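Visitor: Under the UniProt record's numbering, the letters of the sequence shown match residues 1 to 104, in that order.
Where a beta carbon is used, it is the ideal one built from N, C-alpha and C, also for glycine.
Quick caveat, the model's predicted, so the values are computed rather than measured.
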Amino acid sequence: MYAILETGGKQYRVEPGSTLQVENLDAEEGQTVELKPVRFISGDNGGTLGQPEVDQAHVKATVVRNGRTRSITVFKKKRRKGFKRTKGHRQGFTQIRIDEIVAS
């Protein structure tokens with residue numbers, strides 16, 4: 001059984017027991033979160049496609065850790081103007097472990 005859910009503007013294919021890294025969630029480590037909307041659920045008797053989401057379906061997950069990704073360098077330059085700017089960016093993330101896929 002697997003599901004496709006949307007969080008942080010991105011869609012993820014998840015199965016119970018899998019871990020994934022999503023956009024920063026407002027939750028502490030060890031806390032259980034409920035992720036919605038679920039776009040698709042695949043089961044033993046076929047799949048259920050949401051229009052746009054599957055009613056009464058959600059994914060239960062546990063927060064493993066919160067962190068920040070590696071630093072990237074943002075460099076801007078305008079030629080012949082003497083303008084240069086260097087800046088760094090680190091995106092926050094939440095690593096979660098999928099516990100259960102709940103369908104109605």
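#1: Quick one, which of Pro37, Val74, Val63 and His58 has its alpha-carbon nearest Leu25's?
#2: Within 8 Å, do at least three Cβ pairs link the region 71–89 to the region 14–34?
#3: If we ignore side chains and look at the alpha-carbon of each, how far apart do Lys36 and Lys10 end up?
#4: Under DSSP, the beta strand (DSSP E) around Val59 begins and ends at which residues?
#5: Using a threshold of 9 Å, state whether the C-beta atoms of Ile98 and Val59 are closer than that.
#6: Taking all protein chains shown into account, decide if Thr94 is buried (16 or more other Cβ within 10 angstroms of its Cβ) or exposed.
#7: Relative to the C-alpha of Gly88, which residue among Gln51, Thr69 and Gln31 is closest?
#8: Contact check, Ala103 vs Ile41 under 8 Å by CB: the rounded distance?
#9: Near Glu6, which residues of its chain fall below 7 Å by C-beta distance, leaving aside the five closest residues on each side in sequence?
Guide: On the basis of the data shown:
#1: When Pro37, Val74, Val63 and His58 are compared, the shortest CA-CA separation from Leu25 is found for Val63.
#2: By the Cβ criterion, the region 14–34 is not in contact with the region 71–89, since fewer than three pairs of Cβ atoms, one from each stretch, lie closer than 8 Å.
#3: Taking the straight line joining both Cα atoms gives about 12 Å.
#4: Boundaries of the beta strand (DSSP E) harbouring Val59: His58 to Arg68, taken from the DSSP string.
#5: Cβ atoms of Ile98 and Val59: closer than 9 Å.
#6: The residue is buried, with at least 16 neighbouring Cβ atoms inside 10 Å.
#7: For Gly88, the nearest C-alpha among the options comes from Thr69.
#8: Sure, about 5 Å apart at Cβ, within 8 Å.
#9: Result list for Glu6: Pro37 and Arg39, in chain order.
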